[in-house]
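Report on the following structure.
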Amino acid sequence: MRPMASTAFELKGKAVFVAGHRGMVGSALMRRLAREQADLLTVSRSEVDLRDQAAVNAWFAAKRPQAVFLAAAKVGGIVANNTLRAEFLYDNLAISANVIQAAHANGCEKLMFFGSSCIYPRLAPQPLREDSMLTGPLEPTNEPYAIAKIAGIKMAEAYRSQYGADFISVMPTNLYGPGDNYHPEYSHVVAALIRRFHEAKVSGAADVVVWGTGKPRREFLYVDDLADACIHLMKTYSSPELVNIGTGEDITIAEFARVVAATVGYRGEISFDTSRPDGTPRKLLDVGRLAKLGWRATTSLEDGIKLAYQAYLNETKQAAE
Ligand SMILES: NC(=O)c1ccc[n+]([C@@H]2O[C@H](COP(=O)([O-])OP(=O)(O)OC[C@H]3O[C@@H](n4cnc5c(N)ncnc54)[C@H](OP(=O)(O)O)[C@@H]3O)[C@@H](O)[C@H]2O)c1
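If you're matching positions, the sequence shown starts at 1 in full-length UniProt numbering and goes up one per residue.
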């Protein structure tokens, strides 16, 4: 393996574009970047749909961001990924291709691309190392998303090797926290469980059904920890190799459901709907590379779920007002 280059990149005073700034990751990046004295650039989807190549090129030519966090993507849980297969492939390919090319063509000095731990091969050895990407078949339920994300990572890598662009890619684990999507069918597991346990508590339901067997093991990272890791890497890391971002610890969905139920204050039964798909049996990142680069997660699962539940209560209250 090539040595990991470490170069200092200053964010202070730079024009920094957060693509997807209203999303869970993008808004966490905005919160964290507020401490960097950067000139933050954002654009709403109604002004520039990032699938629209001409609109993206015109916006980059006008704004000329010096650094880009590419946190815009079509994202969803297992049902959304499996049913909206064409949209997950097309949107994510188009967004990555348009933004990466426009960044390069308009003199962007540094770009961070976001992959995801769910794009590693379904049965890759655990904990998942960065070099296991493309070593085996993908999880069929999210193959379109994975193919698009892998293409984005390969683009960042190719722009580095062909043009010398300082484009890097990170692989976050499952994230949770403020700004999560609580859609009843299309959400990720953390948001889905917070919502279901909260609604059961409020309605006094005696049982909450959790999808799948409860046996798969998952790792969860609080999204503000992710943002902190991204800023650290943006400032210090420059290399074609991916960097996993996670806690390095996993938990079964059943145990996790109990943590969420306790945080929410739900005291009824928890049962498992085994007719629902489990997805990948285990998903834990090897965070050795990230640790060597000088960063580790600091928010415990219990504290993170408390913060996420508070954010859920605030967000649903705001939506109702
Ligand atoms: N969430 C996770 O657990 C997780 C885990 C690993 C990696 N990641 C990666 O992190 C990145 C961000 O994920 P997230 O969870 O923050 O997703 P998210 O909350 O759904 O946010 C996605 C953002 O992208 C924007 N977007 C989507 N399509 C767009 C388009 N055509 N034009 C302009 N903007 C568009 C959305 O805009 P609107 O606000 O207008 O909808 C939204 O702001 C993704 O690359 C994802 O793969 C996420």
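Even for Gly, the Cβ is constructed at its ideal location relative to N, Cα and C.
Because the structure is a prediction, the values reported are computed rather than measured.
query: Using a Cβ-Cβ cutoff of less than 7 Å, which residues in the same chain neighbour G153 once the five nearest sequence positions on both sides are dropped?; result: This sequence places Ile at residue 153; Gly is not what is there. Taken in chain order, the residues that qualify are F113, G115, S169, L242.
query: Using the DSSP secondary-structure output, state which residues sit across from Y222 in a beta bridge.; result: Y176
query: Work out the CA separation of R160 and A15 for me, nearest whole Å.; result: 21 Å
query: Is the beta carbon of I270 closer than 8 Å to that of E217?; result: Looking at the sequence provided, one finds Arg at residue 217 rather than Glu. In this structure, I270 does not lie closer than 8 Å to R217 by Cβ.
query: Kindly indicate which three-state DSSP category M133 falls into: helix, strand or coil?; result: coil
query: Alpha carbon to alpha carbon, how far is V259 from M30? Give it in angstroms, no decimals.; result: 29 Å
query: Measuring CB atoms only, is the stretch 230–240 touching the stretch 174–183, in the sense that at least three cross pairs come out at less than 8 Å?; result: no
query: Quick test of your reading: L134 and P172, contact by CB under 8 Å. State the CB separation rounded to the nearest angstrom.; result: Rounded, the Cβ-Cβ distance is 18 Å, inconsistent with contact.
query: Out of A192, P144, A61, I95, state which residue places its alpha-carbon closest to the alpha-carbon of F88.; result: P144
query: With C-beta atoms as the reference, is R289 less than 8 Å away from N244?; result: yes
query: Should K317 be counted as a contact of ligand 3 given a C-beta to heavy atom distance under 7 Å?; result: With respect to ligand 3, the structure offers nothing, as its ligand set consists of ligand 1.
query: When the Cα atoms are used, what is the spatial distance from R267 to V75?; result: 32 Å
query: State the Cα-Cα distance for the pair R122 and I95, rounded to the nearest angstrom.; result: 25 Å
query: To the nearest whole angstrom, what separates the beta carbons of E109 and A67, a pair I think is in contact under 8 Å?; result: 6 Å
query: Assign G294 to one of two classes, buried (16 or more other C-beta atoms within 10 Å of its C-beta) or exposed (fewer than that).; result: exposed
query: Jot down the residue ranges of each uninterrupted alpha helix (DSSP H) in the stretch 232–288, minimum 4 residues, whole runs only, in chain order.; result: 253–264
query: By DSSP's criteria, M24 is part of a beta bridge. Which residues make up the other side?; result: Answer by DSSP bridge pairing: none, since M24 is not bridged.
query: In the structure shown, what three-state DSSP assignment does Q101 receive?; result: helix
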